[in-house]
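Here the protein sequences line up with chains A and B, keeping their order. So the first sequence is residues 255 to 602, counted in this note's numbering. So the second sequence is residues 10 to 296, counted in this note's numbering. Structure first, commentary second.
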Amino acid sequence: MIAVVRIRLENITKEFGDFKALDGIDLEIEEGEFMALLGPSGSGKSTLLYIIAGIYKPTKGRIYFDDGDVTDLPPKDRNVGLVFQNWALYPHMSVFENITFPLELRKVAKGEIRRKVAEVTEMLKIENLLDRYPWQLSGGQQQRVAIARALVKEPDVLLLDEPLSNLDALLRIEVRAELKRLQKKLGITAVYVTHDQAEALAMADRIAVIKDGRLLQVGTPEEIYERPRHKFVGGFIGNPPMNFLNGFADRGILRIGKSTIPLPKEYESVRGEVIVGFRPHDVEIGEGIEGEVYSVEHLGREQIVTVSVEGEMVKVIVPGDRRFEFGDKVRLKPKKIVLFDKKTETAI
Amino acid sequence: MRDIETKSRKSELLIILTIVIASVPMILAFSLLVLSSFSEEMVTNLKSFRPTLENWINLFQGKMAITGSIRVNIFEITLNTLIVALGVAGLVTIVSTLAGYALSRMDFRGRKHVMIALLVLHAFPGVALIVGVYLLYKLTLPQDPDLMRFYSFFYVILARGALEIPMSVWLMKGFFDAIPWEFEWSGIIDGASRITVWRKIMLPLVKPGILAVALFAFIAGWQDIIYVRTFLIDQTLATFIESNIESEFSHMPLIAAAGTLYLLPTIVFFLIAQRILLQGYSGGLKG
Numbered sequence: 255m256i257a258v259v260r261i262r263l264e265n266i267t268k269e270f271g272d273f274k275a276l277d278g279i280d281l282e283i284e285e286g287e288f289m290a291l292l293g294p295s296g297s298g299k300s301t302l303l304y305i306i307a308g309i310y311k312p313t314k315g316r317i318y319f320d321d322g323d324v325t326d327l328p329p330k331d332r333n334v335g336l337v338f339q340n341w342a343l344y345p346h347m348s349v350f351e352n353i354t355f356p357l358e359l360r361k362v363a364k365g366e367i368r369r370k371v372a373e374v375t376e377m378l379k380i381e382n383l384l385d386r387y388p389w390q391l392s393g394g395q396q397q398r399v400a401i402a403r404a405l406v407k408e409p410d411v412l413l414l415d416e417p418l419s420n421l422d423a424l425l426r427i428e429v430r431a432e433l434k435r436l437q438k439k440l441g442i443t444a445v446y447v448t449h450d451q452a453e454a455l456a457m458a459d460r461i462a463v464i465k466d467g468r469l470l471q472v473g474t475p476e477e478i479y480e481r482p483r484h485k486f487v488g489g490f491i492g493n494p495p496m497n498f499l500n501g502f503a504d505r506g507i508l509r510i511g512k513s514t515i516p517l518p519k520e521y522e523s524v525r526g527e528v529i530v531g532f533r534p535h536d537v538e539i540g541e542g543i544e545g546e547v548y549s550v551e552h553l554g555r556e557q558i559v560t561v562s563v564e565g566e567m568v569k570v571i572v573p574g575d576r577r578f579e580f581g582d583k584v585r586l587k588p589k590k591i592v593l594f595d596k597k598t599e600t601a602i
Numbered sequence: 010m011r012d013i014e015t016k017s018r019k020s021e022l023l024i025i026l027t028i029v030i031a032s033v034p035m036i037l038a039f040s041l042l043v044l045s046s047f048s049e050e051m052v053t054n055l056k057s058f059r060p061t062l063e064n065w066i067n068l069f070q071g072k073m074a075i076t077g078s079i080r081v082n083i084f085e086i087t088l089n090t091l092i093v094a095l096g097v098a099g100l101v102t103i104v105s106t107l108a109g110y111a112l113s114r115m116d117f118r119g120r121k122h123v124m125i126a127l128l129v130l131h132a133f134p135g136v137a138l139i140v141g142v143y144l145l146y147k148l149t150l151p152q153d154p155d156l157m158r159f160y161s162f163f164y165v166i167l168a169r170g171a172l173e174i175p176m177s178v179w180l181m182k183g184f185f186d187a188i189p190w191e192f193e194w195s196g197i198i199d200g201a202s203r204i205t206v207w208r209k210i211m212l213p214l215v216k217p218g219i220l221a222v223a224l225f226a227f228i229a230g231w232q233d234i235i236y237v238r239t240f241l242i243d244q245t246l247a248t249f250i251e252s253n254i255e256s257e258f259s260h261m262p263l264i265a266a267a268g269t270l271y272l273l274p275t276i277v278f279f280l281i282a283q284r285i286l287l288q289g290y291s292g293g294l295k296g
């Protein structure tokens, strides 16, 4: 029912007046892939989505769907479905009219419209809401109607612009699992814009991290989490995010303040000032970097211990049964570390 | 608590009192007009009110002076007024919904200048422009008498509408500005052209604005006297009342009946406009 399309973005640059919203983005999104565009607000991720949709035209660069260049095609000829953050349901139209709007415009036959609406509303479990108006629906229902409207025209690509951010926290977690299941069931290529790293990790096949209009890293959630290529990526992903400390590497030894820890084999040849990054989960308390307990937060099964190392705060997640007091001297031993260049902040 | 409650009630009372006092002359004047139209002579005190329907009957029969045999067709005059008012309303509504949309949503060269020009134009009183507008009228007036009558309607609608357009365009621009871009983008993604989006999505969303603009323009056309008197060959209610009020044959209660007829749309307008303007779109948009 749905054609599967590969999207290729080549050197996409977008300027609004003097402001460079996107700067030379190269990205490939595979057939049937769920790609998350992740970044803080103002990073340009929504702009990139709107460029794929055709709402904005790139200042430079080309967009390909499979092998076809769609850069100069208007949105209606790209056959994309778009779900907006505020869902943009037409308030003066009933749910049925909202969903059939794209089909009416295409002059699809009445019987065919009925069949397609039945199919998509059944799939999204909104078949009993057809006569209502948008303001009579709950947030979750409105969101389903918006998805139905995007899917009813059988788009080649499904684009989603923070569709969950208007839902309350519990519903969001429920819907994100459903949305991922739906995408896989349809096999449709999906691009999902979010600023919520947990959402991206939970749903996406691959994540593209964007900051200040630049693509910092593209990879699977595991790659992004375990091997950030840029300090920002480490600091943006994970809750709590990656810890960073300044250090000096020399012949396989890393010096942090007064303490030293051995460097793993792959970093043996590194020499000079570096930033060391490690995840709160990947730290043992024992031998290693000296610090002082700053605060302790209990989360039930585990606890987050904030340790002050040379004036910098480091968060460590340890099992809930150990007792820590404010001011305790502890030694931290990171099990897995990533080194970043002090100047460029990229991974070494 | 008690203190705050009494205070607010006091100030509220003061406001209501001010409004009542300020509107007493108006209410009095209009009541006297309406009462006089149903009276044998002009109502100036309670004793002078002697009820009759004679004035209204005479008005609709077109008997202008009680004794004289001067006949006018009041229905034709009302129709003329209606043509002018509807013409102005139609013209203003069409132009302002299109121009308001363009100024709100389209990025074209000179957009800022157009907006400033609109504000400046709005500040010009219609009387100040009338000499120039009359010159244009003289230059374009056709010679054929039938055509001339038709043309005078056309011209008065155009000229009076032009006076209303700057403010209406601003008003419509404001209504369009309030609609999130996502509605428009969504329509375009769904496959609609810009004009279809305007017609099927944007217009229904600015319905309160369209109604407000149309009503204001209708009233402006209905009430206008200077432009109608200068350009229109036929009479409207405004010019009819004006020309009769000083005539030696005129029977004032009959003119009061014409005046009441002339007032009707304004009263209806305020009843409708109040509801529409206060209501807006309730709960239609989210996010």
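Cβ coordinates follow ideal geometry from the N, Cα and C atoms, glycine included. Keep in mind that this is a model prediction, so the values were computed, not measured.
| Asked | Found |
| --- | --- |
| Chain-ordered neighbours of A:Ile309 on chain B, where CB pairs are closer than 8 Å | Trp194, Ile197, Ile198 |
| Outcome for B:His260 when other beta-carbon atoms lying within 10 angstroms are tallied against a minimum of 16 | buried |
| Chain B residues whose Cβ lies nearer than 9 Å to that of A:Lys330 | Ile197, Ile198, Asp199, Gly200, Ala201, Ser202 |
| Cβ pair B:Leu246, B:Ile86 closer than 8 Å | yes |
| Cβ-based neighbour list, B:Asn64, same chain, cut-off 6 Å, excluding 5 preceding and 5 following | Ser46, Pro262, Leu263, Ala266 |
| Any chain B beta carbon closer than 8 Å to A:Glu541 | no |
| Reduced DSSP category for A:Pro313 - H, G, I as helix; E, B as strand; rest coil | The sequence shown places Thr at residue 313 of chain A, rather than the Pro named in the question. Coil at A:Thr313, not helix or strand. |
| Chain-ordered residues of the stretch 547 to 568 of chain A with a beta carbon less than 7 Å from chain B | none |
| Environment of A:Ile279 [buried if 16+ CB atoms lie within 10 Å] | buried |
| Contact with chain A by B:Leu220, beta-carbon distance below 8 Å | no |
| Residues that A:Arg360 contacts on chain B, provided the C-beta gap is smaller than 8 Å | Gly200 |
| Amino acids of chain A, ordered along the chain, whose beta-carbon sits closer than 7 Å to that of B:Ile210 | Tyr344 |
| Per DSSP, the bridge partner or partners of B:Pro154 | Bridge partners of B:Pro154: none, in fact. |
| For A:Arg403, the first and last residue of its enclosing alpha helix (DSSP H) | 393 to 405 |
| Neighbour list for A:Val203 in chain B, Cβ cutoff strictly below 7 Å | The structure shown does not extend to residue 203 of chain A, since chain A is modelled only from 255 through 602, so no value can be given for it. |
| Under 7 Å from the C-beta of A:Phe338: neighbouring residues of chain B | Glu191, Ser195 |
| CB of B:Ile210 within 8 Å of CB of B:Phe192, strictly | yes |
| Which residues DSSP lists as bridging B:Lys147, in chain order | Paired residue(s): none; B:Lys147 is not in a bridge. |
| Cα-Cα separation, A:Ala199 to A:Tyr318 | Any question about residue 199 of chain A goes unanswered here, given that chain A covers just 255 to 602. |
| Beta-carbon proximity check, A:Ile353 vs A:Val334, cutoff 8 Å | no |
| Rounded C-alpha distance that separates A:Ser300 from B:Ile197 | 17 Å |
| A:Val528 beta carbon less than 8 Å from that of A:Leu593 | yes |
| B:Gly200 to A:Leu292 span [Cα, whole Å] | 28 Å |
| Chain-ordered residues of the stretch 59 to 84 of chain B with a beta carbon less than 8 Å from chain A | none |
| Backbone secondary structure at B:Val29 - three-state DSSP | helix |
| Test item: CB-CB of A:Phe288 and A:Ala458 under 8 Å | yes |
| Three-state secondary structure (DSSP) of A:Gly542 | strand |
| Enclosing alpha helix (DSSP H) for B:Leu68 [first to last residue] | 63 to 70 |
| Distance between B:Ile242 and B:Ser32 (C-alpha atoms, nearest Å) | 36 Å |
| Residues near B:Gly96 by beta carbon distance below 6 Å, same chain, minus five either side | Ile166 |
| A:Tyr521: first and last residue of the uninterrupted beta strand (DSSP E) it sits in | From DSSP, A:Tyr521 is part of no beta strand (DSSP E); its letter is neither H nor E. |
| Residue range of the unbroken beta strand (DSSP E) whose run includes A:Met496 | Neither: A:Met496 is in no beta strand (DSSP E) and is coded neither H nor E. |
| Contacts that A:Pro356 makes with chain B (C-beta to C-beta distance below 7 Å) | Asp199, Gly200 |
| Minimum Cβ-Cβ distance from B:Ile24 to chain A less than 8 Å | no |
| Identity of the residues DSSP links to A:Leu593 by a beta bridge | A:Val530 |
| Three-state secondary structure assigned by DSSP to B:Phe258 | coil |
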